[in-house]
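Data first, discussion second: the structure below is written as structure tokens.
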Amino acid sequence: MNMTIAAILRTKGDDVIALTPQTRVGEAVAVLAEKRIGAVPVCDDGVPVGIFSERDVVHCLAQAGAGALDRPLSEAGSGRLRRIAISSRTVPRANSASQPP
Numbered sequence: 001m002n003m004t005i006a007a008i009l010r011t012k013g014d015d016v017i018a019l020t021p022q023t024r025v026g027e028a029v030a031v032l033a034e035k036r037i038g039a040v041p042v043c044d045d046g047v048p049v050g051i052f053s054e055r056d057v058v059h060c061l062a063q064a065g066a067g068a069l070d071r072p073l074s075e076a077g078s079g080r081l082r083r084i085a086i087s088s089r090t091v092p093r094a095n096s097a098s099q100p101p
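For what it's worth, UniProt numbering labels the leading residue of the sequence shown as 1, then goes sequentially.
As structure tokens, then:
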């Protein structure tokens, strides 16, 4: 299936959960668990500035142990974002989203 991003948002809804750069890693982990999601965008005044994912959790814990849970997302998440148009097809774009910009 090769749907557009717009079609997926129509089906799943476009109410996207976002956190701020000041949100603590522990709070972000709780959101990921509660919502059963693997990643959450990090936005500053509504502007996407990064993403925080399960991989970031693992990396933070490996680097700093339990103390990482008190760090802000600005020190923990992935800052590089790839943006895609809402009209983009999901399969080709989803694959490119994980590649460095």
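Note that beta-carbon positions come from the ideal geometry of N, C-alpha and C, so glycine has one too.
Tell me which same chain residues have a C-beta within less than 7 Å of the C-beta of residue i, skipping the five on either side of it?
i     : result
Leu61 : Ala68
Val47 : none
Find out if the Cβ-Cβ distance for the pair residue i, residue j is shorter than 8 Å.
i     : j     : result
Arg71 : Arg10 : no
Phe77 : Val31 : Looking at the sequence provided, one finds Gly at residue 77 rather than Phe. No, these two residues do not count as a Cβ contact at 8 Å.
Thr20 : Ser87 : no
Applying the criterion that 16 or more other CB atoms from any shown protein chain within 10 Å of the CB defines a buried residue, is residue i buried or exposed?
i     : result
Ala28 : buried
Asp15 : exposed
Val57 : buried
Val40 : buried
Gly50 : buried
Across which residues does DSSP place residue i in a beta bridge pair?
i     : result
Ile51 : Pro41 and Ser78
Arg24 : Pro72
Go through its chain and collect everything with a Cβ distance to residue i's Cβ below 6 Å, but skip five positions before and after it.
i     : result
Gln22 : Pro72
Which residue's Cα is closest to the Cα of residue i: the options?
i     : options                      : result
Ala66 : Thr20, Ile17 and Gly26       : Gly26
Ile17 : Ser87, Ser53, Ala6 and His59 : Ser53
Asp44 : Gln63, Ala64 and Ser74       : Ser74
Leaving out five residues on either side along the sequence, give the residues of the same chain with a beta carbon under 8 Å from the beta carbon of residue i.
i     : result
Gly38 : Leu32, Ser53 and Glu54
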